[in-house]
Structure formats: C-alpha cells, structure tokens
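Visitor:
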Amino acid sequence: MEQNKYTVDAEGYFGQFGGAYIPEMLHPNISELQAKYLDIINSDEFQKEYKTILQDYVGRPSPLGYASRLSEKFGYNIYLKREDLNHTGSHKINNTVGQILLAKKLGRTRIIAETGAGQHGVATATVCALMGIECVVYMGKLDTERQAPNVERMKLLGASVVPVTSGSMTLKDATNEAMRDWICNPVSTHYIIGSVVGPHPFPDMVAKFHSIISEEMKTQFREKSSKENPDYVIACVGGGSNAMGIFYHYLDNTDVKLIGVEAAGHGVDTQFSAATTALGRVGVLHGSKTLLMQTSDGQVLEAHSISAGLDYPGIGPQHAHFHESGRVQYVNVTDDEAVKAALLVSELEGIIPALETAHAFAYLPKLQCDKDSNVVVCLSGRGDKDLQTFMDYKAKHTL
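Everything in the sequence shown is counted per our numbering, starting at 17 for the first residue and increasing by one.
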C-alpha cells in the first residue's frame, strides 16, 4: 500500500500515536532497526525467501471460505479468512517468519518473545527451530496455566519458557520481562514482538508482515463473490495484529466498513475488562504513545479477558489512530458472549475457533446489515488451546 494518512510517518507516528519511548540502552538496537528494516524487508532477496517460506512451510495462501450455516442463521453472507489453517494454527507465523529473517540479516544469534495465548510463542519457537536459533519466551504464570498445551508445544520445539510472576501474571507482565531481557542483551538478541505494539518500527513492521492476509483476500474475494470488495471486515483486537493484517489493504477504501472487536471481559462497566478504546486514555505503554487503560495518576490498570491473547490494557498505535480518526469502528463483547459464539461456530461450521477469534464471531448477531451484505471474519486462530475453557463452560451450563 502506498504512503497515505494511515501509514507511519518519518518519526514513527500514526497521527499522534506511536513513536519510540525507550530506555537509553535500547537506542542502538531501535535506531538500527529504524534505519535498516525497510531496505531489508523490501529487497527482492528478502521477499523471495519470505514468500517461499510462507508458501512451502506455512501453507499460504490461507483459504477464504463461505460459511453457509452461519450465513443462514444470521441472514447475510459470511466468509471466513482461515488463518487458523496456517502452520502452528494462527496468523502469528506470518510475523515470526518475517522477523526471524530480519534478525538473521542483522546478525542476531538469540531470539526472545512475549506471549499471552501462547500462539505467538509457538510461532516464534517454530521459526527458531527452523533456523537453528536460541529461543526464550516470556509468558505470564497465569497464562502458562490456562494455555498449558501451548507451553508444552514451545518446549517440544526447543524453546525455554519463562513464567512471569509479577503484576497480573499475564501478557502485559510478559512484555515487561521481555523488554528487560532485551535491555540486558542488546547486542546478541532480537526481540520478536508479537503484535502491532511497541516502539517504532515494530508496529509498522508487524503490520507489513501481516498485510499478506488482506493482500490475498482482495483476489480471493473477487473469485468468491460477484463484488469487488466485502461490505464489512471484522476481526478481534487485543494488541491488534490479525485485525491490522486483514484491514491493511482496505484502509483507503471507505466503502469497506472495518470493525475491531475488543474484549469487554465481565463488562465495560466493571473492573474486569480489556476494552481499551472504550476505557483507555492517551499514554505510553511498552515503548509507544497509544491508548491504554490507566488510573487517574497514570498507573496501568490490570486488564481482564477470558481470552489470554486479548488480556492486554493497551492497543497498537495504528488502532488508536484508526479509532480517533473514525476509520475503524471498535466495539466489544463479553467473556460469556465470546464462549457462546465459539460453541455456535463449532456446531454450525465444524470449526473450533480460538477464544480470541470468538470475540469477532460474537459480534455477528449485533451487526445491522441487509441480506445481500458480504461480511468477512478473520478466523485468526484455532481453539485447541481453549478446549478446557469450553468444556468447563459447557459443564457449568448443563448442570
């Protein structure tokens, strides 16, 4: 996509959001990334290797399929962009492939990452195994318990998984620990950030790697329907990487309505929520100026979501800009609505979605559109990791 009002400026900002608010010890690494990332990832050599791995190893392009039973139930046309069918089971692999290739070009010999639901951790461990590079993944202790299958997958792939016991022991705290590691090991280590968050150039870089989602979809949708573009594109939003990927090539086309679904948790009127655009204010989190949930004196609030991947008190700076500019409509659904949506999709389409993705599905009955509308949902991940949550919910509600 060409330079426009939605892309990053020379200082690393999207509107008023973004930038690089970092400790002095990270300036050499961040400055090197800022100076080199575009030349590296736009080179013919890089793109050839990246696209080859996506095709032969990841299994791209991911399909765009018509969801006939969901369409019948809700009364309009629903299509699913099947990122759950990628190797490792989510969209996260798009970014980790790109960043591991970048790290190699920069001469890094050690990789660190943070993870919440574990999908980014698995994707990072996977590409490190593929390339023979040391991998350390930081994960909140609470998340290691509720996403135990992904912890075992990471270990099988040769990664060291470090449980984080500070704060709420979730994604925010894992990110904090990964940042501390990078400060202590700036020369040998590359930090593969897992979402469109962090200091510039990470939000822009991660968005570019995930833009393959909407790049493929533009061609696929024309082949699947009689229209050039869908009427609506819907994705769940925590930090916002899958949403950024599926929105990317539609940002300039205002005929396509873009909807990001955040995690309301127990509800936005409770103390247990992760709906940043509804509850957040401008501040700095993990190296960038963005919207985040915070107290009146600027302390970061603990977020809550039944979904570990959406359990984050902030949002990527692009999304903060899209929210402020009105380009994307941000809505939210509760834990209960998300689990019910996951069970419905499982029974109607034979697809068990991740709890993160289930938030996007939970908004479908609230969408006001006519029977000829075409709606694409980014099915960002599969729900193997969430089976225990689903089973517990069903057991509780069938007593």
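Glycine is no exception: its CB is placed at the ideal position from the N, C-alpha and C atoms. Note that this is a predicted model, so its numbers are computed, not measured.
Kindly give me the distance between the Cβ atoms of H320 and H226, rounded to whole angstroms, as I take these residues to be in contact under 8 Å.
Guide: Contact doesn't hold; Cβ gap of about 26 Å is too wide.
Visitor: To the nearest angstrom, how far is the alpha carbon of V222 from that of I208?
Guide: 9 Å
Visitor: Please report the Cβ distance between V24 and D268, rounded to the nearest whole angstrom; I am assuming they are in contact, meaning their Cβ atoms lie under 8 Å.
Guide: The Cβ separation is near 15 Å, so there is no contact.
Visitor: When the Cα atoms are used, what is the spatial distance from A175 to E150?
Guide: 7 Å
Visitor: Let me check one thing: in DSSP terms, what residues is I94 bridge-paired to?
Guide: V391
Visitor: In this structure, does DSSP put F33 in helix, strand or coil?
Guide: strand
Visitor: Determine the direct distance from the alpha carbon of G105 to that of V392, and round the result to whole angstroms.
Guide: 19 Å
Visitor: Please state whether the Cβ-Cβ distance between V249 and H335 is less than 9 Å.
Guide: no
Visitor: Kindly list the residues whose CB is nearer than 6 Å to the CB of Q115, restricted to its own chain and excluding five residues on each side of it in sequence; keep chain order.
Guide: I208
Visitor: Round the Cβ separation of G81 and R98 to the nearest angstrom and send it over; I've been treating them as touching at under 8 Å.
Guide: 6 Å
Visitor: For N258 and Y328, I'd like the C-alpha separation in whole angstroms.
Guide: 15 Å
Visitor: Where R398 and M407 are concerned, what is the direct C-alpha to C-alpha distance, given to the nearest angstrom?
Guide: 15 Å
Visitor: What residue range is occupied by the uninterrupted beta strand (DSSP E) comprising L80?
Guide: Where L80 is concerned, the enclosing beta strand (DSSP E) stretches over 80-82.
Visitor: Nearest to S389 by CA position, among T235, G91, T286, L101, is which residue?
Guide: G91
Visitor: Roughly how many angstroms separate the alpha carbons of A194 and R169, rounded to a whole number?
Guide: Pairing A194 with R169, the inter-Cα distance amounts to about 20 Å.
Visitor: For G254 and G332, I'd like the C-alpha separation in whole angstroms.
Guide: 8 Å
Visitor: At which residues does the alpha helix (DSSP H) containing T186 begin and terminate?
Guide: Element bounds for T186: n/a, residue is neither H nor E.
Visitor: In terms of alpha-carbon separation, which member of D271, E244, E340, D55 lies closest to R297?
Guide: E340
Visitor: Which two residues bound the contiguous beta strand (DSSP E) that contains P179?
Guide: 176-180
Visitor: So who's on the other strand from G105, going by DSSP bridges?
Guide: According to DSSP, G105 bridges with nothing at all.
Visitor: Measuring alpha carbon to alpha carbon, tell me which residue in Y154, G325, I127 is nearest V203.
Guide: I127
Visitor: Please classify E353 as buried or exposed, where buried requires at least 16 other C-beta atoms within 10 Å of its C-beta.
Guide: buried
Visitor: Quick one: what's C252 bridged to in DSSP?
Guide: V277
Visitor: By alpha-carbon positions, which one of N245, G276, D247, D271 ends up nearest to M260?
Guide: G276
Visitor: At what residues does the beta strand (DSSP E) containing S230 begin and finish?
Guide: Here S230 belongs to no beta strand (DSSP E); instead the alpha helix (DSSP H) covers 228-240.
Visitor: Return the CA-CA distance between P369 and A133, expressed in angstroms with no decimal places.
Guide: 13 Å
Visitor: Can you round the beta-carbon distance between T350 and H282 to whole angstroms, since I take them to be within the 8 Å contact cut?
Guide: The Cβ separation is near 7 Å, so the contact holds.
Visitor: Would the segment 156-168 and the segment 177-192 be scored as touching if the rule is three or more Cβ pairs under 8 Å?
Guide: yes
Visitor: Per the contact definition of three or more C-beta pairs closer than 8 Å, is the segment 290-304 in contact with the segment 24-36?
Guide: yes
Visitor: Suppose you measure from the CA of D60 to the CA of K67; what does that come to, to the nearest Å?
Guide: 10 Å
Visitor: Looking only at its chain, what residues have a beta carbon closer than 7 Å to the beta carbon of L42, apart from the 5 residues adjacent to it on each side?
Guide: Scanning its chain for C-beta atoms nearer than 7 Å, with the 5 sequence neighbours on each side dropped, one finds around L42 the residues W198, I199, P202, in chain order.
Visitor: Which parts of the segment 346-406 are runs of the beta strand (DSSP E), unbroken and 3 residues or longer, counting only runs that do not cross its ends?
Guide: Runs found: 390-395.
Visitor: Within the continuous beta strand (DSSP E) that includes H337, where are the two ends?
Guide: Annotation: H337 is outside any beta strand (DSSP E); the continuous alpha helix (DSSP H) that includes it extends over 333-341.
Visitor: In the DSSP assignment, the alpha helix (DSSP H) including K171 goes from what residue to what residue?
Guide: 164-172
Visitor: Taking the beta carbon of N45 as the centre, do at least 16 other beta carbons fall within 10 Å, making it buried, or is it exposed?
Guide: Classification for N45: buried.
Visitor: Beta strand (DSSP E) containing V153: first to last residue?
Guide: 150-156
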